[in-house]
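What the first sequence shows, in this note's numbering, is residues 1 to 717, in sequence order. We put the CB at the ideal spot given by N, CA and C, even for glycine. Since the structure is predicted, the reported quantities are computational estimates derived from the model, not experimental observations.
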Amino acid sequence: MNILEGLNSAQRQAVEAPEGPILVVAGPGSGKTRVLTHRVAYLVRERGVKPYHLLAVTFTNKAAREMKERLFQLLGSGLREITIGTFHATCVRILRRESERAGVERSFVIYDENDQTNLVAEAVDELGLDKKAYRPRAFLAAISHAKCELIPPSAFPTPTYWHEIAGRVYHRYQELLATNKALDFDDLLTKTVDLFRNEKDVLDKYRRRYQHVLVDEFQDTNMAQYELVKLLTLEHRNLFVVGDEDQSIYTWRGADFRNVHRFRKDFPEASVILLEQNYRSTQNILDAAHSVISKNEARVEKRLWTEKECGLPLTIIEAYDEEEEAQYVLGEIQRLEARGVCDLGDCAVMYRTNAQSRALEDAFVRAGVPYRLVGATRFYERREVKDIIAYLRLVHNPYDALSLLRIINVPRRAIGKKTLKQLMEWVNRLGISIYTALGRLSVQEAEETPFHPRSKRILSEFANLLEELIDAGQRLDLLELFDLVLERTGYAEYIRDGTEQGEERWNNVMELRTVASEYADLATQVGLTTFLEEVALVSDVDNYDERANAPTFLTLHMAKGLEFPVVFIVGLEERVLPHSRSFDDREAMEEERRLCYVGITRAKERLYLIHTFRRTLRGLSQVNTPSRFLLDIPQKLVRGSTGYERTTRLPRGPATVEVHQFNPGDKVRHPQFGEGVVVSSKLVGDDEEVVVAFVGMKPKRLLVSFAQMEKLLPTRG
DNA sequence: AGCGCTCAGCTTTTT
DNA sequence: GCTGAGCGCT
């Protein structure tokens, strides 16, 4: 199979580029994964680069997996020696291998955001600060940001008193991580950078190993990631990066698309290749996308084009409120499916915030139409799943105090607040870990302990349980260990309390068990380590099943990298998209625009942009204006005679409605909701808002100018 | 230990 | 308007 076959000239140019730094600017749908995989295949097949010398980094496990699959088609099993993975997974492997040189515990556990918050809270506590006045989340954000920029506690800038405190929290937080033998997500990167900076021979080893480095979604790299890549490649300069600043939507997480500019400065000889041909969307969709994104100032102009026809016009709809918005989406999806235009699974509904999924879910549940919700409550964040993982983490690393405290009284074993407080004080006084302290309890020494005899007995029983599990971890495979944890803790009896929720929780535990069973074949401790890593580093999108035949509900952030024949973007209103939080910050506003751009460019054929007249936000129902992004889309791309027509004439002219058209008791007919009775009516601005009780539905609020209601039997003149 | 109350908070969330 | 944390009461 010819690697260059079927590639357009820009793609081919990227794939065949000579050695040295290369920047591929790849717009949405321009075949960037294709370029990346073909580049790898090209290096191996045509340039004789050994797969062993290749490193390809992605941001998500899903992207990594896709890349492996596609490379398998090109290279067969030759891909096995290639290192393909996320930044974090790659760093974990390096850190475990070089644990001694990196100065990290070999059996470190990985703390996720939740663990991090808890640990910061602990640091805040220890510094004698009030958690109400000094919110741990805010500190964590600042700390994480600093770490992404490779700023250690000692160099943490303290422009304000708050920052000064934050610096102290940061310092203590790092100490706590160390005593727990834990690394957080950011540490995985920074510790690897430190390793490479401090241990020249280790760096040299990896430089020799990774003679070609490829980076996907380069606009999403943070400083630490860029530094990592730079350290590896500065000498041989074989760095191939693919990115698109217009799709940078994670700057709030430390991603910095200015890395593109840094790259151009650090690698001035780099060739820059633009991929502008789009293989996904119709020209109308691309034009709409361009009209939105081109308003951003901080960008290099590029314009996507396609060989496809201009396609259908976009549909812009104004719904009365979020309920009607959901109703419209539901109705339209059903209509498209009924007409055989598309399958349910071809449709996606995207929104700015997760809270917006509710109205949609309500409507779909009521209509009995299935849907897939991506994200919401994530599997690995469920209480029962975290409990079991905490037990397994302890087997792996009993110094993980966070996990220990999580389950010391789960299921309940009568270790309450008081005992726990005594335990912590005792542990702090002795300056030892909780695990070590627990071990001392069972030793029959005359050592003074602060506990009530009963508590002491219970604690020591718990210590024995822990010891037994740790011991079992040396001998049993992961599945056996998993079952032993359940058995010895009585977890099933604890969680299955006879309620429906209890059953669901138990099902989640069993689902986790299925995941664990995949690691049962591995050597005892390797299985546990790999499993824990996997669990710490996967996300929900990774498990997104593309085959189920139901529409997908997801946030715009999660939509990145995906595509759908039919896309609905809902909530296109000022303060929703763009989000109200971004109003006083130009850069944040540009990011909102990019988010909108990402959403639009997910659509292959049909795009619906929906806004509401009024929306309930944080319990407050208020009138909303259409999103500024909507106003940037030229009318000629839009299907005429929609509600949008009306709103574009805002501000409305002189009042056209001065008297009520409808009065309580009027019988009316609505094209969608059928017959009903008017409950109330009031004049709002120049329009009339009525509440109507339709047959078999709860009363609805409607706007007379929009709802095409017909009066059936006028009661009074 | 477990409950119910109040109050503050409230985007997005690749790893 | 809903949720989660903290607190006080039983």
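Buried or exposed (CB count within 10 angstroms, at least 16 for buried), residue i
i: LYS147; result: buried
i: GLN334; result: exposed
i: LEU650; result: Confidence at LEU650 is low in this model, with a pLDDT of 37, below 50, so its placement is unreliable and no value can be given for it.
i: LYS181; result: buried
i: GLU592; result: buried
i: LEU712; result: exposed
i: ASP287; result: buried
i: CYS91; result: buried
i: VAL526; result: exposed
i: GLN225; result: buried
i: LEU476; result: buried
i: GLY571; result: buried
i: PRO626; result: buried
i: GLY619; result: exposed
i: VAL623; result: exposed
i: HIS261; result: exposed
i: ARG172; result: buried
i: TYR161; result: exposed
i: CYS310; result: exposed
i: GLU658; result: At GLU658, the pLDDT of 46 sits below 50, so the modelled position is not reliable and the matter cannot be decided from this model.
Limits of the alpha helix (DSSP H) - the one that residue i falls within
i: ALA121; result: 113-126
i: HIS290; result: 283-293
i: LYS667; result: Taken as a continuous stretch (DSSP letters only), LYS667 belongs to no alpha helix (DSSP H), being part of the beta strand (DSSP E) at 667-670.
i: VAL395; result: 383-396
i: ALA326; result: 322-338
i: PRO136; result: 136-148
i: GLU297; result: No alpha helix (DSSP H) contains GLU297, which DSSP labels as neither H nor E.
i: SER9; result: 9-16
i: HIS163; result: 161-179
i: ILE434; result: 434-442
i: GLN422; result: 417-430
Opening and closing residue of the beta strand (DSSP E) in which residue i lies
i: ILE316; result: 315-319
i: TYR608; result: 603-612
i: ARG628; result: Note, ARG628: premise wrong, no beta strand (DSSP E); alpha helix (DSSP H) at 628-631.
i: HIS660; result: Neither: HIS660 is in no beta strand (DSSP E) and is coded neither H nor E.
i: SER621; result: 620-623
i: THR58; result: 54-58
i: HIS212; result: 212-215
i: LEU23; result: 22-26
i: ASP184; result: 182-184
Chain-order list of residues whose beta-carbon lies under 6 Å from that of residue i (same chain, five-residue window excluded)
i: THR233; result: VAL213 and LEU239
i: PHE196; result: LEU203 and LEU231
i: TYR435; result: PRO398 and TYR399
i: SER517; result: LEU479
i: GLN247; result: VAL598
i: TYR608; result: THR315 and PHE568
i: ALA133; result: none
Cutoff 7 Å; reference residue i; Cβ partners in own chain excluding five residues on either side
i: HIS145; result: GLY254
i: ASN549; result: ASP343, LEU344 and GLY345
i: ASN8; result: GLN277
i: MET67; result: THR33, LEU36, THR37, ALA56, THR58 and ILE84
i: ARG45; result: ILE3
i: ALA693; result: GLY676, VAL677, VAL679 and PRO699
i: LEU79; result: PRO51, LYS68, LEU71 and PHE72
i: PHE267; result: PRO21, ARG237 and LEU239
Which residues DSSP lists as bridging residue i, in chain order
i: PHE694; result: GLY676
i: TRP305; result: GLN277
i: LYS711; result: VAL668
i: LEU703; result: GLU689
i: ARG615; result: GLN622
i: ASP638; result: Here residue 638 is Val; the residue named in the question, Asp, does not match the sequence. DSSP output for VAL638 lists LEU314 as bridge partner(s).
i: LYS200; result: Beta-bridge pairing links LYS200 to no other residue.
i: SER681; result: VAL690
Proximity test, residue i beta-carbon vs the ligand ADP heavy atom, cut-off 6 Å
i: THR529; result: Among the components of this structure there are no ligands whatsoever, and the ligand ADP is therefore not found.
Own chain partners of residue i with C-beta closer than 8 Å, once the 5 adjacent residues on each side are dropped
i: LEU438; result: LEU459, SER460, PHE462, ALA463 and LEU466
| request: Could you name each continuous beta strand (DSSP E) segment of 3 residues or more that falls completely within the region 223-271, going from the start of the chain to the end? | output: 239-243
| field | Start-end ranges of the alpha helix (DSSP H) lying completely within the region 546-586, minimum 4 residues | value | 556-559
| Every unbroken alpha helix (DSSP H) inside the region 63-118 [4 residues or more] | 87-97 and 99-102
| query | What beta strand (DSSP E) runs, 3 residues minimum, are completely inside the region 347-381? | reply | 347-351
| Which ranges would you report for the beta strand (DSSP E) in the region 457-527 if only whole runs of at least 3 residues count? | none
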